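Visitor:
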Amino acid sequence: MSTVWRPYCQMQTAPLPTSIVAAEGVEIVTDHGQRLIDGLASWWSVCHGYQHPHLVEAIRRQAGQLSHVMFGGITHEPAETLAERLAELLPGDLNHVFFSDSGSVAVEVAMKMAIGFHRRQGQPERRRFLAFHHAYHGDTTGAMSLCDPDRSMHASYGDAILPQLHSPVPSDTASIERFDRLLEQQAGQLAAVVLEPLIQGAGGMRFHAPEDVARIKSACEQHGVLLIADEIATGFYRTGKRFAIDGCGTPEEPLVPDIICLGKALTGGMTTQAATVARSHVFEAFLSEKASDAFMHGPTFMANPIACAAANASLDVFDQEERSEDAKRIHDAFVSRLPEARSWPGVVDVRTRGAVGVIEVRQLPDSETMRKLAMQHDVWLRPFGNCIYSTPPLVIEDPQLHQVCDAMLAIAKYRSPKM
Ligand SMILES: *Cc1c(COP(=O)(O)O)cnc(C)c1O
């Protein structure tokens, strides 16, 4: 029996996990010495590849000087610098950075900011959230309530989950009309609309158009509902732009959500760290003479100096290396290779957006078969739901990318006798 309780895993029947002993570049190395190209960048995070020397050195230096200190009543240079740099990179007045230790917590923080904002504006009844079908916003109970109720873990928790509203992403005449009506009817009880802009990740790997994001933003404005952009997966060039929202406005009129959540690639995938960044009107709603108006939240390891140093080093690398070009290159490779599968039996859809490639099938083979098929190509993939997908490290080179495509196509082509 296993002592470690593993994620999303039926411990009674699951095969033993693959044991990894090292990683370098875009490869992870098993305890048998097999080098696997990581087609997932460790869940969208390792954007510059593993053990990037600049990031390793930054962590080493920071660990030798100040590895951790509480953030209550204390500050430090790595956090101050990182906050300044994020505020500089984000559009508009997204200038107030609240650090936390994981993406789910960053979403919880955003939800509490939105509820707190309306309470301080004298509208405490605005405390529910509207999220979208196929949404994924994290595993903690608040964040979980935002996930698609039919395609997430909702079913296994029943009534324990906060009731929220869910809508299709408004993208055609009928769904736009329905969304507008829903928002108009429910605005009085809504604190915020929460959206993964352009690419919905773990809730189904679905894409929507920049116009859809702009439409949601203006509907929110019209009804005094905040917009929370969850860019934990899309941030840092996964969509091709630095942030997905950068692709939804114009240079003259950027699209600026009220709150944005960042995580995953924030530290270049070196360690855990997330951030919730608010616009000035949200931040200022919490300012008063009363201590009780303060924002009441503070994770033990928030703004950990090693994590902040890693994030700062990752931002250095983004300045020096062309990650938006990399995303384009990855996109082109997916576009040239994956559509071949469209006509295959059992394949429902092939889609690509930015540095994300997806083959949706009617039914996936069992997970052990998929792992074996990928590993025969020296590739690491872990399909979920009905999706074979890849979100590779942005530094992946073309031959490696083709190897990932080969593995994805092999899984899509596989027909077991039972299927
Ligand atoms: C991964 C993810 C989260 C949760 O982040 P964790 O660090 O796993 O808690 C939230 N939202 C989105 C869009 C994500 O992709």
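Letter 376 of the sequence shown, counting from 1, is numbered 428 in my numbering, and no numbers are missing. From the three backbone atoms N, C-alpha and C, an ideal C-beta is built for every residue, glycine too. Bear in mind the structure is a predicted one, so any value in this text is a computation, not a measurement.
1. Check H84 in the structure and name its three-state DSSP category.
2. Between the alpha carbons of Q252 and Y188, how many angstroms are there, rounded?
3. Quick check on S340: does DSSP put it in helix, strand or coil?
4. Within its chain, find whatever has a CB closer than 8 Å to the CB of M205; leave out the 5 residues flanking it on each side and keep chain order.
5. So is the beta-carbon of G155 under 7 Å away from any non-hydrogen atom of ligand 1?
6. Spatial neighbours of A212 within its chain, please: CB distance less than 8 Å, with the 5 preceding and 5 following residues excluded, ordered by chain position.
7. At a cut-off of 7 Å, is H189 close to ligand 1 when judged by its beta-carbon and the heavy atoms of the ligand?
8. DSSP has V413 in a bridge; who is on the other side?
9. Verify the contact flag: A327, CB atom, against every heavy atom of ligand 1, threshold strictly below 7 Å.
10. Between E236 and L242, what straight-line distance do the alpha-carbon atoms span, to the nearest angstrom?
11. How is the alpha helix (DSSP H) around H148 delimited, first residue to last?
12. Please confirm whether A239 and G276 have their CB atoms less than 8 Å apart.
13. For ligand 1, I want to know if I440 counts as a neighbour, meaning its beta carbon is within less than 7 Å of at least one of the ligand's heavy atoms.
14. Pick helix, strand or coil for S270, following the three-state DSSP scheme.
15. Kindly confirm or deny that the segment 308 to 316 and the segment 291 to 299 touch, where touching means at least three C-beta pairs closer than 8 Å.
16. Please indicate yes or no: does the CB of G253 lie closer than 7 Å to some heavy atom of ligand 1?
17. When you compare each of G321, P417, E373 to W95 by their alpha carbons, which one comes out closest?
18. Buried or exposed, going by whether 16 or more other CB atoms sit within 10 Å of the CB of L390?
19. Quick one: which unbroken beta strand (DSSP E) runs of 3-plus residues sit fully inside the segment 301 to 372? Chain order, please.
20. Please state the DSSP three-state secondary structure of T404.
21. Spell out the partners DSSP gives W432 in its beta bridges.
22. Answer yes or no: the CB of K164 versus the heavy atoms of ligand 1, is any distance below 7 Å?
23. Identify every residue that forms a DSSP beta bridge with E79.
24. Which of the three DSSP states, helix, strand or coil, is assigned to S71?
25. What do you reckon, are the CB atoms on Q455 and H429 nearer than 8 Å?
26. When you compare the CB positions of L138 and V329, do they come within less than 8 Å of one another, or not?
27. Flag this pair as yes or no: are the beta carbons of P215 and F184 separated by less than 8 Å?
28. Using a threshold of 7 Å, is the CB atom of D282 nearer than that to any non-hydrogen atom of ligand 2?
29. Return yes when the C-beta of K342 is under 7 Å from any heavy atom of ligand 1, and no when it is not.
30. DSSP state of V161, grouped into three classes?
31. Hey, how far is the Cα of G292 from the Cα of K342?
Guide: Walking through what the data contain:
1. Position 32 of the sequence shown, counting from 1, holds the residue named residue 84. H84: coil per DSSP, three-state reduction.
2. Residue mapping note: residue 252 aligns to position 200 of the sequence shown, counting from 1. Residue mapping note: residue 188 aligns to position 136 of the sequence shown, counting from 1. Taking the straight line from one Cα to the other gives about 7 Å.
3. Position 288 of the sequence shown holds residue 340. Coil.
4. Here residue 205 refers to the residue found at position 153 of the sequence shown. Take M205, set aside five residues on each side of it, and the residues of its chain with a beta-carbon closer than 8 Å to its own are D191, M196, C199, in chain order.
5. Locating residue 155 in the sequence shown gives position 103, where the first residue counts as 1. Taking non-hydrogen atoms of ligand 1 into account, the C-beta of G155 is found less than 7 Å away from one of them.
6. Residue 212 sits at position 160 when you count from the first residue of the sequence shown. If we look at A212 and ignore the five residues flanking it on each side, its Cβ neighbours are T193.
7. As a first step, residue 189 is located in the sequence shown; it is residue number 137 there, counting from the start. Correct: H189 has its Cβ closer than 7 Å to ligand 1.
8. What you label residue 413 is simply residue 361 of the sequence shown in a count that begins at 1. For V413, which the question treats as bridged, DSSP gives the partners V399.
9. For the purposes of this step, residue 327 is taken as residue 275 along the sequence shown, with counting starting at 1. Not so, every heavy atom of ligand 1 lies at least 7 Å from the Cβ.
10. Locating residue 236 in the sequence shown gives position 184, where the first residue counts as 1. Locating residue 242 in the sequence shown gives position 190, where the first residue counts as 1. The alpha-carbon atoms of E236 and L242 are separated by roughly 10 Å.
11. As a working mapping, residue 148 is identified with position 96 in the sequence shown. Going by DSSP, H148 is part of no alpha helix (DSSP H) but of the beta strand (DSSP E) stretching over 146 to 152.
12. Here residue 239 is taken as the residue at index 187 of the sequence shown, counted from 1. Here residue 276 is taken as the residue at index 224 of the sequence shown, counted from 1. With respect to the 8 Å criterion, A239 and G276 are classified as neighbours on the basis of their beta carbons.
13. The residue labelled residue 440 in the question sits at position 388 within the sequence shown. No, the Cβ of I440 stays beyond 7 Å of every heavy atom of ligand 1.
14. Within the sequence shown, numbered from 1, the residue matching residue 270 stands at position 218. Helix.
15. Taking 8 Å as the limit for Cβ pairs, the verdict is that the segment 291 to 299 does touch the segment 308 to 316.
16. Reading the sequence shown from its first residue, position 201 is the one you call residue 253. Closer than 7 Å to some heavy atom of ligand 1: that describes the Cβ of G253.
17. In the sequence shown, counting from the first residue as 1, residue 95 sits at position 43. Nearest to W95 by C-alpha distance, out of G321, P417, E373, is G321.
18. On the sequence shown, position 338 is the one that residue 390 refers to. Label assigned to L390: buried.
19. Runs found: 311 to 314, 326 to 331.
20. Here residue 404 refers to the residue found at position 352 when the sequence shown is read from its first residue. In the displayed model, T404 falls within a strand according to three-state DSSP.
21. As a working mapping, residue 432 is identified with position 380 in the sequence shown. D90.
22. Within the sequence shown, the letter at position 112 stands for residue 164. False, no ligand heavy atom lies under 7 Å from that Cβ.
23. To locate residue 79, count along the sequence shown from 1; it is residue 27. The partner list for E79 (beta bridge, DSSP) reads E76, I89.
24. Locating residue 71 in the sequence shown gives position 19, counting from the first residue. DSSP places S71 in the coil class of the three-state scheme, outside both helix and strand.
25. Residue numbering aside, residue 455 sits at position 403 when the sequence shown is read from its first letter. Residue numbering aside, residue 429 sits at position 377 when the sequence shown is read from its first letter. Between Q455 and H429, the C-beta gap is smaller than 8 Å, which places the two residues in contact.
26. Your numbering for residue 138 matches position 86 in the sequence shown. Your numbering for residue 329 matches position 277 in the sequence shown. Yes, the Cβ-Cβ distance between L138 and V329 is below 8 Å.
27. In the sequence shown, the residue the question calls residue 215 occupies position 163. In the sequence shown, the residue the question calls residue 184 occupies position 132. For P215 and F184, no; Cβs fall outside 8 Å.
28. Although ligand 2 was asked about, the structure shown includes only ligand 1 as ligands.
29. For the purposes of this step, residue 342 is identified with residue 290 of the sequence shown, where counting begins at 1. False, no ligand heavy atom lies under 7 Å from that Cβ.
30. Along the sequence shown, read from residue 1 onward, the residue named residue 161 stands at position 109. Of the three classes helix, strand and coil, the one that applies to V161 here is helix, per DSSP.
31. Residue 292 sits at position 240 when you count from the first residue of the sequence shown. Residue 342 sits at position 290 when you count from the first residue of the sequence shown. The alpha-carbon atoms of G292 and K342 are separated by roughly 44 Å.
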